[in-house]
Amino acid sequence: MSAIAPPTTLTQVRGACPHDCPDTCALLTTVENGIAVKVQGNPDHPHTGGTLCTKVSRYPERTYHPERILRPLKRVGPKGAGQFAPVSWEQALQDIATRLGAIAARAPEAILPYSYAGTMGLVQGDSMSSRFFHRLGASLLERTICSTAGGEGLVHTLGGKVGMGVEFFAQAKLILIWGSNSITSNLHFWRYAQLAKRNGAKLICIDPRKSETADKCHEHIALLPGTDGALALGLMHELIHNDWLDHDYLGQYTLGWDALRERALLWPPERVAAVCGLQPEQVRALARDYGACAHRGEPAAIRLNYGMQRVHGGGNAVRLVASLPALIGAWRHRAGGMLLSSSGRFPVDGAALQRPDLLAPRTPRTLNMVTIGDDLLRPSSADFGPAIEALVVYNSNPVAVAPDSAKVVRGFAREDLFTVVLEHFQTDTADYADYILPATTQLEHWDVHLSYGHTDVLLNRPAIAPLGQCKPNTQVFRELARAMGYQDDCFTQDDLTLCRAAYGSAVDFDELLSQGFSTLKIADAPFAQGNFPTASGKCEFFSARLAASGQDGLPDHLPNHETLGTDPAYPLAMISPPARNFLNSSFVNVASLRESEGQPLLEMHATDAAARGLSSGQIVRVYNQRGEYRCKLTISDRARPRVVNGLGVWWRKFGLAGTNVNELTSQKLTDLGHGPTFYDCLVEVAAL
Ligand SMILES: Nc1nc2c(c(=O)[nH]1)N[C@H]1C(S)=C(S)[C@@H](COP(=O)(O)OP(=O)(O)OC[C@H]3O[C@@H](n4cnc5c(=O)[nH]c(N)nc54)[C@H](O)[C@@H]3O)O[C@H]1N2
Ligand SMILES: Nc1nc2c(c(=O)[nH]1)N[C@H]1C(S)=C(S)[C@@H](COP(=O)(O)OP(=O)(O)OC[C@H]3O[C@@H](n4cnc5c(=O)[nH]c(N)nc54)[C@H](O)[C@@H]3O)O[C@H]1N2
Ligand SMILES: [Mo]
157 MSAIAPPTTL TQVRGACPHD CPDTCALLTT VENGIAVKVQ GNPDHPHTGG
207 TLCTKVSRYP ERTYHPERIL RPLKRVGPKG AGQFAPVSWE QALQDIATRL
257 GAIAARAPEA ILPYSYAGTM GLVQGDSMSS RFFHRLGASL LERTICSTAG
307 GEGLVHTLGG KVGMGVEFFA QAKLILIWGS NSITSNLHFW RYAQLAKRNG
357 AKLICIDPRK SETADKCHEH IALLPGTDGA LALGLMHELI HNDWLDHDYL
407 GQYTLGWDAL RERALLWPPE RVAAVCGLQP EQVRALARDY GACAHRGEPA
457 AIRLNYGMQR VHGGGNAVRL VASLPALIGA WRHRAGGMLL SSSGRFPVDG
507 AALQRPDLLA PRTPRTLNMV TIGDDLLRPS SADFGPAIEA LVVYNSNPVA
557 VAPDSAKVVR GFAREDLFTV VLEHFQTDTA DYADYILPAT TQLEHWDVHL
607 SYGHTDVLLN RPAIAPLGQC KPNTQVFREL ARAMGYQDDC FTQDDLTLCR
657 AAYGSAVDFD ELLSQGFSTL KIADAPFAQG NFPTASGKCE FFSARLAASG
707 QDGLPDHLPN HETLGTDPAY PLAMISPPAR NFLNSSFVNV ASLRESEGQP
757 LLEMHATDAA ARGLSSGQIV RVYNQRGEYR CKLTISDRAR PRVVNGLGVW
807 WRKFGLAGTN VNELTSQKLT DLGHGPTFYD CLVEVAAL
C-alpha cells in the first residue's frame, strides 16, 4: 500500500446532558477524527456514576440522524404541508428581520417567542433569545407547561424549590416515591433508592399507574389521579390521631399548625379512601409506616415528582405533601424530608443573561404557553391586545406537547401567521413553519447548567464542530439582532462569556473548566433547625402571601376540573405520563427508540375492557368533547379500574391518523402557577 492512513485523533470531551430531566448527567463524548463516536456518563461525577439512560446513550444516533436539518429552509407548499426548500442564512435572516421589523413597527406584542426546555442550558435556553425579544418588545411568555403548580406549591410552603440532598435518599429507611416513575424519568435517583432498599429501607410507590417503578417497590398505592391532596390530609389525620407528631419541631419551626390540624381532622381514612379510590386500611397503613419510622428515629423521605401536580389542585397537593415532613420532624435527619426540585438552590444571574432592562419603559403583556391553542385563535381586542401575528419557536415542539391539539393545530395553520422554528428536526411544529433554522445540538455548542434533581453546576463543552450550516440558538439571535440593526453591545457577547455570566462569581468557573462540574455548598440537613427560605423562616402551612392574594392561605384538597363520575359520556379518567424511551416528544424520531416503544399505547384494566368488549392489540378510538386519539389498546394491570394510561408524547405524524394524546387534554389551568392539567382529563374508549 502506498498511501499512509492519517493518524487517528481521539479525544474525550466533558459535557452535560441538556435534556429536561432531574438528573442533569455529566457526559463524556469520545471524538474520533472530529466525529462523536460515543457518549457515555462521566464516571467522575458522583450523581451520574458513569451510567446514562438508554435515550442519551443513543445521542450520536440522534446527532448524525439522516433527517437532521442542516440548512435553513423556507416554506414552499401550503401552510402545514411540510414542504420546504433550502435558502441561504443571509436570505432567511434578512427576510425574517424584515417581517418581524414590520410587525414590531406597529405592534411588537403581536410577536410571541415560544420556548421551553428542549435544552435546559442556561445559555442556549434563555440568554441571547431573551435579550432579542426584550429589545424588540415582544409579548412575554409565561413558561408554565411543566412544573409551575408544584413550583408555586413549594415556594408557598418551604420558601423555594429546595429539598433534601438526593444522595441522602440512600440512607433513608422509608421512601415514598410519590407521583414519580423514577426508573423512567429520574433514573439516577433510583440508584440511590436501590441502595436504600439494599440497606433495608421500605419503598412505597404512590401512583395511579402500576409503573415500572411501582413493580420494584414493596408497596403500590394506586390512588385516583388528582387525589394526592386528600391522601396527604388523611395521613395528617392519622399522624394526629395516633400522636405520631414531633411537637417540638411543629412548635418551633412551622407556621399555621393549629389551623392545618383542624383541617386535617376533617379527613378521616374513610373519607380519604372514598375520594382516592382506596381502602381505608391502605391510608392507615401508610400513615403507620410514615409515623412509626419517625417514632423510631429513622429517616423517612419523600421523592415527589411533577406527575402529581398536572391536575386542577396540583399546587395545593404539593403544599400538603411538602408539609408532611415537618409533622414528624423528618427534616431533622439529612436522609429525611422531601425533594421535588432542587433548582431553587442555584444562584443563577438571570438578569445578566436575559437583560430584562432592555424592555424598559415598556411592559409587554404575558401569554401563557399552556393556552397557545386558544391564544393563536384570538382576534385583537382591548382585553387581549393585538392578535398574534408572528411566532418564533425554539427548544419546544408545541404542536405535539401543548394541550388541546385541535386548537393548537388550527392556530399554527393560520395562513396569516408568520412562524419561525429553530430545530434539529422537522417536528410536528416545524411542519407549520415559514422558516426552519437549523440548530446545533449539545455536542456542538457551549452551555452551562443547573439541575432540578441534584445540586451540581455542569459545564458543557462542544465536542464537535456544528454539522452542516447549523448554528447555536444564541448565534441565530445575535445575527437576527444585527439584521434588525440593533447596536447594543450585549448582542456581541460570545457563548463562553455568557457561560461565565450565568453564575458570575457565585461559582468557580475554573473548576467548571477543569472538572466539568462544581458542587454547591449546602448543609446536609438544611432544615433541621427551621431556616426555611420563607418570609417567616418556618415551614409555612399557612401562607400569608396566598391569603393576601385572595386565596385560601391553608392548603386543601381541590377536586379535578374533570372529576370521575361527573360526566356519564366520559366515564374514564386518562393520564398521559412519559414513555420510557422518549423525553417529552424528543427522541420519537430516533428509530431504535421508537421501535422499543412500538406503537402509541393506551393501557386499560381488564374490567373496563370487558365492559366495552375490547381486546388487547386492537386499535381504539379514545375520545372526549375536544377530540379523538387513535392508538393500540393494551389490557394490563398497569392501569387501575376507571383510569386509562395514554403514554406520551408521540409526534403526531408517527401516530395513528396523525394524532397524539394531546388531542384529548384540556387548556384548563392549575390552582397555583397557571400550569397545565394534562392528567385531569375524562375520556371514553371504543373500538374503531
Ligand atoms: N424517560 C423520560 N424521562 C423524563 C421525561 C420523559 O418524558 N421521559 N420527562 C421529563 C420531564 S419534562 C419532567 S417534568 C420530569 C418529571 O417528569 P414527570 O412527568 O413527573 O415524570 P414521571 O416521574 O414519569 O411522573 C409521572 C408519574 O406520575 C404519575 N401520575 C399521574 N397522575 C398522577 C396523580 O394524580 N397522582 C400521582 N401520585 N401520580 C400521578 C404517572 O402515572 C407517572 O408514573 O421527568 C423528566 N424525565
Ligand atoms: N399529554 C402530555 N403532554 C405533555 C406532558 C405529559 O406528561 N403529557 N409533559 C409536559 C411536560 S412535563 C413538558 S416539560 C413539555 C415539554 O415540551 P417541550 O419542551 O416542547 O419538549 P420536547 O417535546 O422534548 O421538545 C423540545 C424540542 O426542542 C428541540 N431542541 C433541543 N435542543 C435544542 C437546541 O439547542 N436548539 C433548538 N432550537 N432546539 C432544540 C428538540 O429537538 C425538540 O424538538 O411537554 C408537556 N406535554
Ligand atoms: Mo416537564
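Basically the working numbering = 1-based index in the sequence shown + 156.
C-beta: ideal position from N, C-alpha, C; glycine also.
On a predicted model such as this, the values are computed, not experimentally measured, just so you know.
Compute every distance between the C-beta of residue i and the non-hydrogen atoms of ligand 5, then say whether any falls below 7 Å.
{"i": "glycine 171", "result": "Within the structure as shown, ligand 5 is missing, the only ligands being ligand 1, ligand 2 and ligand 3."}
Inspect the beta-carbon positions of residue i and residue j and report whether they are closer than 8 Å.
{"i": "arginine 459", "j": "phenylalanine 325", "result": "yes"}
{"i": "proline 733", "j": "asparagine 398", "result": "no"}
{"i": "isoleucine 731", "j": "asparagine 801", "result": "yes"}
{"i": "valine 555", "j": "arginine 808", "result": "yes"}
{"i": "glycine 470", "j": "alanine 237", "result": "no"}
{"i": "threonine 611", "j": "alanine 478", "result": "no"}
{"i": "glutamate 188", "j": "leucine 208", "result": "no"}
{"i": "leucine 825", "j": "valine 526", "result": "yes"}
{"i": "proline 559", "j": "threonine 300", "result": "no"}
{"i": "leucine 422", "j": "valine 799", "result": "no"}
{"i": "glycine 706", "j": "serine 699", "result": "no"}
{"i": "aspartate 179", "j": "glycine 609", "result": "yes"}
{"i": "glycine 529", "j": "glycine 567", "result": "yes"}
{"i": "glycine 315", "j": "proline 689", "result": "yes"}
{"i": "glutamate 600", "j": "alanine 621", "result": "yes"}
{"i": "valine 604", "j": "alanine 658", "result": "yes"}
Let me make sure I understand the geometry here. Which of the options has the alpha-carbon closest to that of residue i?
{"i": "glycine 190", "options": "Pro542, Gln168, Leu812", "result": "Gln168"}
{"i": "arginine 501", "options": "Arg214, Ile528, Asp531, Ser607", "result": "Ser607"}
{"i": "isoleucine 362", "options": "Leu387, Pro535, Val841", "result": "Leu387"}
{"i": "glycine 686", "options": "Lys366, Arg488, Arg354, Leu593", "result": "Arg488"}
{"i": "leucine 330", "options": "Gly811, Leu229, Glu454", "result": "Glu454"}
{"i": "leucine 249", "options": "Ala486, Leu578, Thr219, Thr207", "result": "Leu578"}
{"i": "arginine 332", "options": "Thr369, Leu668, Leu523, Leu310", "result": "For clarity, residue 332 is leucine in the given sequence; the question names arginine instead. The shortest C-alpha separation from leucine 332 is found at Thr369."}
{"i": "glycine 319", "options": "Ala457, Thr519, Ala725", "result": "Ala457"}
{"i": "arginine 365", "options": "Met760, Arg786, Gly706, Gly814", "result": "Met760"}
{"i": "alanine 263", "options": "Ala352, Ala508, Ser536, Gly672", "result": "Ser536"}
{"i": "glycine 831", "options": "Gly205, Asn198, Thr164, Glu298", "result": "Glu298"}
{"i": "histidine 713", "options": "Gly463, Ala637, Phe568, Asp827", "result": "Asp827"}
{"i": "cysteine 432", "options": "Ile377, Ile396, Arg444", "result": "Ile377"}
{"i": "aspartate 176", "options": "Pro756, Glu696, Ser741, Gly293", "result": "Ser741"}
{"i": "isoleucine 544", "options": "Gly197, Val839, Asn816, Leu296", "result": "Leu296"}
{"i": "tyrosine 779", "options": "Arg750, Ser752, Cys837, Ser748", "result": "Cys837"}
{"i": "proline 777", "options": "Glu840, Val322, Gln823, Met276", "result": "For the sequence presented, residue 777 should be read as arginine rather than proline. Of the listed residues, the one whose Cα sits closest to arginine 777 is Glu840."}
{"i": "alanine 747", "options": "Lys211, Gly447, Ala441, Leu476", "result": "Lys211"}
Here's the rule I'm using: 16 or more other beta-carbon atoms within 10 Å means buried, otherwise exposed. How should residue i be labelled?
{"i": "glycine 385", "result": "buried"}
{"i": "glycine 506", "result": "exposed"}
{"i": "arginine 224", "result": "buried"}
{"i": "alanine 619", "result": "buried"}
{"i": "serine 772", "result": "exposed"}
{"i": "histidine 468", "result": "buried"}
{"i": "aspartate 723", "result": "exposed"}
{"i": "threonine 597", "result": "buried"}
{"i": "serine 244", "result": "exposed"}
{"i": "proline 163", "result": "exposed"}
{"i": "serine 850", "result": "This structure does not reach residue 850, given that the chain is present from 157 up to 844, and the question cannot be answered."}
{"i": "glutamate 246", "result": "exposed"}
{"i": "leucine 310", "result": "buried"}
Which residue or residues does DSSP assign as beta-bridge partners of residue i?
{"i": "methionine 730", "result": "Val800"}
{"i": "lysine 788", "result": "Leu757, Ile775"}
{"i": "serine 537", "result": "Gly541"}
{"i": "glutamate 840", "result": "Tyr779"}
{"i": "serine 271", "result": "Tyr550"}
{"i": "leucine 673", "result": "Residue identity check: residue 673 is phenylalanine in the sequence provided, not leucine. Answer is Leu614, bridged to phenylalanine 673."}
{"i": "glutamate 579", "result": "Pro594"}
{"i": "alanine 241", "result": "Lys230"}
{"i": "serine 742", "result": "Leu739"}
{"i": "phenylalanine 574", "result": "Ala546"}
{"i": "methionine 494", "result": "Ile458"}
{"i": "threonine 185", "result": "Val169, Val195"}
{"i": "proline 832", "result": "Leu825"}
Would you be able to state if there are at least three C-beta pairs under 8 Å between the segment 788-798 and the segment 659-667? no
Is the segment 239-256 touching the segment 510-521 in the sense that three or more CB pairs, one from each, lie closer than 8 Å? no
Flag this pair as touching only if the segment 588-595 and the segment 644-651 have three or more C-beta atom pairs under 8 Å; answer yes or no. no
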